[in-house]
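Engineer:
Protein chains: 2
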Amino acid sequence: MRLSDLQTPALLVAAADLEHNLATMASALPGERLRPHVKAHKCTELARRQLQHGHHRFTCATIREVEGMAAAGLGEDLMLANEVVDATRLGKVVAAGARVTLAVDSATTVEAAVTGGVREVVIDVNVGLPRCGIDPSEAGKLADLARRKGLEVRGVMGYEGHVVGLEEASTRAQMVKPCMELLLRAHSDVGGELISAGGTGTYALNTWANEIQAGSYALMDTAYSKLGLPFRPALSVLATVISVSSGWAVADCGLKALGMDHGNPTVPGGSVWFCSDEHITFASDTDVKVGDRVRVLPAHVDPTVAYHETLHVVEGDEVVEVWPVDLRGW
Amino acid sequence: MRLSDLQTPALLVAAADLEHNLATMASALPGERLRPHVKAHKCTELARRQLQHGHHRFTCATIREVEGMAAAGLGEDLMLANEVVDATRLGKVVAAGARVTLAVDSATTVEAAVTGGVREVVIDVNVGLPRCGIDPSEAGKLADLARRKGLEVRGVMGYEGHVVGLEEASTRAQMVKPCMELLLRAHSDVGGELISAGGTGTYALNTWANEIQAGSYALMDTAYSKLGLPFRPALSVLATVISVSSGWAVADCGLKALGMDHGNPTVPGGSVWFCSDEHITFASDTDVKVGDRVRVLPAHVDPTVAYHETLHVVEGDEVVEVWPVDLRGW
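Residue numbers (this note's numbering), protein chains in the order written: chain W, 88 to 417; chain F, 88 to 417.
1) Assuming F:Leu-414 contacts F:Ala-305 (C-beta within less than 8 Å), just tell me the rounded distance between them.
2) Could you spell out where the alpha helix (DSSP H) holding W:His-87 opens and where it closes?
3) Sort out for me which residues DSSP pairs W:Met-244 with in a bridge.
4) With a threshold of 8 Å between beta carbons, is W:Val-337 in contact with chain F?
5) Run through chain W and tell me which residues come within less than 7 Å of F:Val-172, C-beta to C-beta.
6) Going by DSSP, name the residue or residues bridged to F:Leu-189.
7) Straight-line CA distance for F:Leu-322 to W:Ala-183?
8) Measuring straight from C-alpha to C-alpha, what distance separates W:Asp-308 and W:Val-100?
9) Using DSSP with H/G/I as helix, E/B as strand and the rest coil, what is W:Arg-415?
10) Which stretch, first to last residue, makes up the beta strand (DSSP E) that contains F:Val-401?
11) To the nearest whole angstrom, what separates the beta carbons of F:Asp-374 and F:Gly-341, a pair I think is in contact under 8 Å?
12) What span of residues does the alpha helix (DSSP H) with F:Val-153 cover, start to end?
13) By Cβ distance, which residues of its chain are closer than 6 Å to F:Ala-157, with the 5 residues on each side in sequence left out?
14) May I have the straight-line CA-CA distance separating F:Ser-312 from F:Glu-254, to the nearest angstrom?
15) Do the CB positions of W:Ser-332 and F:Asn-213 come within less than 8 Å of each other?
16) Measuring only the C-alpha atoms, how far is F:Lys-264 from W:Asn-351?
17) Within its chain, find whatever has a CB closer than 6 Å to the CB of F:Val-273; leave out the 5 residues flanking it on each side and keep chain order.
18) Please determine, among F:Val-383, F:Thr-131, F:Val-205 and F:Pro-217, the residue with the shortest C-alpha to C-alpha distance to F:Arg-176.
19) With which residues is W:Ser-358 paired in a DSSP beta bridge?
20) Given F:Thr-388, which residues of its chain have a CB within under 7 Å of its CB, disregarding the five upstream and five downstream residues?
21) Among the residues of its own chain, which have a CB less than 6 Å from the CB of F:Leu-345, if the five just before and after it don't count?
22) Give a yes or no on whether the C-beta atoms belonging to F:Ala-190 and F:Val-172 are separated by under 8 Å.
23) Cβ of W:Glu-247 less than 8 Å from any chain F Cβ?
24) For F:Trp-417, I'd like the list of residues in its chain whose CB is within less than 6 Å of its CB, leaving aside the five on either flank, ordered along the chain.
25) Using a beta-carbon distance below 8 Å, is F:His-366 in contact with chain W?
26) Taking C-beta to C-beta, are W:Val-153 and W:Leu-161 nearer than 8 Å?
27) Going by beta carbon distance, what residues of the same chain come within less than 7 Å of F:Lys-343, once the five residues before and after it are set aside?
28) Please report how far the alpha carbon of F:Gly-141 lies from the alpha carbon of W:Pro-123, in whole angstroms.
29) Assuming W:Val-201 is part of the alpha helix (DSSP H), what are its boundary residues?
30) Can you tell me the Cα-Cα spacing of F:Asp-276 and F:Ser-257, whole angstroms?
31) Considering only the beta carbon of each residue, do F:Leu-105 and F:His-399 sit closer than 8 Å?
32) Is the beta carbon of F:Asp-404 less than 8 Å from the beta carbon of F:Arg-89?
33) Where does W:Cys-340 fall in DSSP's three states?
34) Roughly how many whole angstroms lie between the Cα atoms of F:Ala-326 and W:Glu-408?
35) Answer yes or no: does any C-beta atom of chain W fall closer than 8 Å to that of F:Arg-218?
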C-alpha cells in the first residue's frame, strides 16, 4: 500500500524515526531502567517494538491499557501508574496470569486493590505536581497499611510532571532534584525495589529514580521537540487539501484528529491559522492545490493518537505496516 | 443500570434536557427548516430522536458519518457539508439507495463528485469564514460547470462559522446579514431549492437561509451556554474522584475524554486547575472524598463526543438508554 492509497486524515509513523527514537532511548536507559509508558501511543504493536529493544516492564494509565497489554502477551510486569477505586477488572487480569502493580495514595485506593484482587502496589508520592500522590511524610504509614492488608509493596513512584515539559534543560535539571529528594525520603520509609518516576523531558536528568516512565520519546510532538532532546518527530497526520482560496488553504485534519490542549499543530512550510472540527486552515509558503497531501505535526502526541483507530508505519511513500491503536478508551 | 454502575469517565446525556432542546428547536425551526448536523453528536440513535421531532434531512461532516447515517436507515436526504477529493465511498452509498448531496467549491471537487458517482451537489460559498467555499462571484460559473458534467445542483450553502460563537446576540445579528447577502447573491446565480447555512448560535437570527445546519443545540457545551440560548446543557462526563490532597482533588476525566480547543471544562461547585491525559485537577467548594462522583461539563461538545464509544442517557440516577457513538472516525 502506498501513502496515496490512504484515506485522510491518517496517522503516520515514520519507521526510521521511530527506530531511531527506540534505539536512542534503549541505549541511554537499557532494559529495566526504562518502563515505557504506553499511554503515549496506545498501541500494543508499538509496545512490542519497545520490548524488542529490551524493555519488558511497561507503564499504563488506564485499566483498558492494562487489559490490552496483558491480552497481547505483554503482561510480564505492568504498572498502572494511576489510582482506581474499583480494581475488579485488574484483579481479573492478575488472575489470568499477568503481573499488575497498582499505584495507591490513600487508604481507599489500598482497599480497592485488596478488594479487587490486585496483589502488588507502589505508593504514589506527591513530588510537587498538584495531582495524585500522598504527602511524602505519610508514605511509610500507607505502605504499612498496605502490607497489613496483605499487599506486596514494591516501592514508590512520583511523577515530576510540572518539570518534564520545561524548555530550559538547566531549569529542568535544577527542579528535578528537590522532587526526587522527596521521593527518596518517601522510599526510605516505604522500602521496596522500585523508585519509579520521570518522563521524556527528564529521562536523562533524573538519576535518582531507578526506572523512568517515559512514553512520548517514541513518537514525539512539537511541544517536546522544543526541548532539544535526541528524539525525532516520528508522528504526523496525513491530510488532503480540499479547498484553496486566495491567501489560505484548507486540509481535512481538524480538532477530532488532533490533541489541542498544547495549542495548534504545525504544517511544515506553512502557517496554521486555526482548526475546526474537520478542517485545518493554513497559509502555505508554496503553491498548493486541491488534492495535494500535507503532513500535520501535532502539538501533543497522547490525545492525538487517542482519536485514531490506526497507526500507519511508513518508509518514504510506502505503508509498510498497519498497527491498530488498540488501547483506546477506558 | 444505575449511574453508580458505570465505569468512568462516562459520557452522560440528561434525557429531559435533551428532549427540551430537541423540542425547543423543532418548534422554532420545524421539519425541513432544520437540517441537524450530526457531527456534534456522532450518534445515529440521537439522530433518530431528531427525526422523531420532524427533521428528516441531515448534515454530515465526514464520509463515515454519511455511511453510518445511511446504514442506520436515516439516508432520506444527507448533505455532506464538506469537500472531498475522492467520492467513491459516497457513490456507493448513493448506489445503495440513500440520497447524498455533496458540497463542492472547485472544479476538482466537482470532478470528484462525478467520478465518485455522486449525482447531487450544493455550491459551497465563502461568506466570510476563512475556510472552504468559493468566492460568491464565482459560484454561478461553478454551478454551470457542475450541470454540464451532469450533476444536479440543489442550491448553495455558506457557513457563517466566524459569527455563530460570538457572545453578543446583537453582534451576531449584525454580522449574519452581510454573510447571507453574499450567499443570496451567489444563490441568484446558482439557483436550486436549497439555501443552507447557520448553526446553533444563529439559528434564530439567520432568516435568509431556508435550512439551518445546527448541531450543538441538542447537547450543548459551556462555550455555547454563554450565548443565552434557550437550550440546556445536556452533556457531561461522569468522573470519579481518585485522589484528594490538601487544597485540590483529582478525578479520572482528562484530555482524552474532553475536547480542549475551547479551553478547560467546568466542574460545578469547583474550580478547574488543569487537565492531564487521564486527570482533572480541581479545587472543590465542598468536601470531596475518594470515590465521589463529579460531573465535568465540556467546553466544546463535538471533539468531546468523538473520544467516547458510548452515550449514556440518564434520568436522575438511572441509565435509561445506552447509545453507541457510531459515527466516529473517517
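No residue lacks a Cβ here, since even glycine has one placed at the ideal position from N, Cα and C.
Structural biologist: The answer reads as follows:
1) No, F:Leu-414 and F:Ala-305 are not in contact; Cβ-Cβ is about 14 Å, not under 8 Å.
2) Nothing can be reported for residue 87 of chain W, as the shown portion of chain W is limited to 88 through 417.
3) W:Asp-211 and W:Ser-283
4) yes
5) Thr-327, Ile-329, Val-377 and Gly-378
6) F:Leu-167 and F:Val-208
7) 37 Å
8) 12 Å
9) coil
10) 397-402
11) Rounded, the Cβ-Cβ distance is 23 Å, inconsistent with contact.
12) 150-158
13) Val-180 and Ala-185
14) 9 Å
15) yes
16) 31 Å
17) Checking the displayed sequence, the identity of residue 273 of chain F turns out to be Ala instead of Val. Taken in chain order, the residues that qualify are Val-212, Pro-223, Ala-226 and Val-243.
18) F:Val-205
19) W:Ala-370
20) Inspection of the sequence shows that residue 388 of chain F is occupied by Val rather than by Thr. Closer than 7 Å at Cβ, skipping near neighbours: Ala-127, Ser-303, Leu-306, Met-307, Asp-308 and Leu-322.
21) Pro-352, Pro-385 and Thr-391
22) no
23) no
24) Thr-149 and Arg-151
25) yes
26) no
27) Asp-364, Glu-365 and Tyr-394
28) 52 Å
29) 194-203
30) 30 Å
31) no
32) yes
33) coil
34) 36 Å
35) yes
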